[in-house]
Every structure is written in structure tokens, then in C-alpha cells.
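Numbering (the UniProt record's numbering), first residue to last: 1 to 146.
From the three backbone atoms N, C-alpha and C, an ideal C-beta is built for every residue, glycine too.
Everything on this sheet refers to the single structure shown next.
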Amino acid sequence: MISVIISGHGDFATALKGASGMIFGDQDNLIAVPFLKGEGTQTLQEKYKQVLKSIPEEDEVLFLVDIFGGTPYNAATPYIVHDQRIDMASGVNLPILLEVLSMRENVPLKEMLNKLKKVNEEGFQVCSEHLEKIKENNQVQEGDLL
Numbered sequence: 001m002i003s004v005i006i007s008g009h010g011d012f013a014t015a016l017k018g019a020s021g022m023i024f025g026d027q028d029n030l031i032a033v034p035f036l037k038g039e040g041t042q043t044l045q046e047k048y049k050q051v052l053k054s055i056p057e058e059d060e061v062l063f064l065v066d067i068f069g070g071t072p073y074n075a076a077t078p079y080i081v082h083d084q085r086i087d088m089a090s091g092v093n094l095p096i097l098l099e100v101l102s103m104r105e106n107v108p109l110k111e112m113l114n115k116l117k118k119v120n121e122e123g124f125q126v127c128s129e130h131l132e133k134i135k136e137n138n139q140v141q142e143g144d145l146l
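Now the structure itself:
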């Protein structure tokens, strides 16, 4: 099993966990760790330390953070450097989190991270480009798209 720690600026992590719960239901070992205004790197590292103590030792751990190089990312990096069962991905969003939740019981962490790169690429869509491809491929009229 892969335990998941979501972190980001403000209430981002809490909101993302809540949104995933609407779709997947409540999940064990899915922990939101918000980085709140006025907190620093050391405070966040202490929060991570407490959360990591609650995770079963046999679990791999995935940190999902909002911004590459931001405080939630930087605060988690020392844990990854010192523990091979822990890794991190930045740029987390709801589609990525849902994919993680669907794979975390059956897919090893490194394999999951490789799959997530493709999911993120496929999940980012520009509506006008998508509609143009539909029109080209199906030769439909603009009014037929809605």
C-alpha cells in the first residue's frame, strides 16, 4: 500500500482531500497537511514528521505537493533523501490524486510515478483544441458539438 500525504499552500491540501472524498469516499492513509500563513519550513517539517510516525513501516509514502520548489516541497525533501520508500510529485491536482488512489494498493511507487506523468499530460486539455480535433476527425458542424 502507498500512503499519501497531500500538502500545499493554505487550505489546498484539505480541499483536495475533501474533493477526492466526494468521488472515492473516505480513504485510509490519505493525509492532508496544510501549510498555513505564518508557518515556516521547520513547522511544516515537524507536521510531516508527526504524520510519518502514524504510517505503517511497510507502506511506501508519496508526498503530493502543489508547487515544485515551494515550501511544502522543500520541507518534504529531507525525508525523501533519507528514506527510499518515500518520494514526491509536484503539481498535484484532482485527476492525479484520483489516479493515485485507484493504483496505490496494486502498483509500486516508482511505477505509479511513471504512469502519473502521462495522466497529467492527458488531463490538461484546452477545450477549443479538443473541439477542433473532434470537428476534423468527425467532420461535424460546430452546432453539432453541443
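- When secondary structure is reduced to three states using DSSP, residue 8 falls in the strand class.
- Per DSSP, reduced to three states, the secondary structure at residue 119 is helical.
- Classified as buried, residue 4 has 16 or more neighbouring CB atoms from the shown chains inside 10 Å of its CB.
- Residue pairing by DSSP places residue 61 opposite 3, 86 in a beta bridge.
- When the five nearest sequence neighbours on each side are left out, the beta carbons in the same chain lying within less than 6 Å of the beta carbon of residue 72 are those of 7, 8, 35, 65, in order along the chain.
- Taking the CA atoms as reference points, residue 27 sits about 32 Å from residue 127.
- Contact annotation, residue 31 with residue 51: C-beta distance approximately 5 Å; criterion of less than 8 Å satisfied.
- The three-state secondary structure of residue 78, taken from DSSP, is helix.
- When DSSP states are grouped into helix, strand and coil, residue 51 belongs to the helix group.
- Taken through DSSP and simplified to helix, strand or coil, residue 56 comes out as coil.
- Its chain contains 90, 91 as the residues whose beta carbon lies nearer than 8 Å to that of residue 68, once the 5 sequence neighbours on both sides are disregarded; these appear in chain order.
- Between the beta-carbon of residue 109 and that of residue 2 there is about 6 Å, and that keeps the pair under the 8 Å contact cut.
- Taken through DSSP and simplified to helix, strand or coil, residue 35 comes out as strand.
- With contacts defined as CB atoms closer than 8 Å, residue 33 and residue 19 fail to qualify as a contacting pair.
- Note: residue 131 is not bridge-paired with any residue in the DSSP secondary-structure output.
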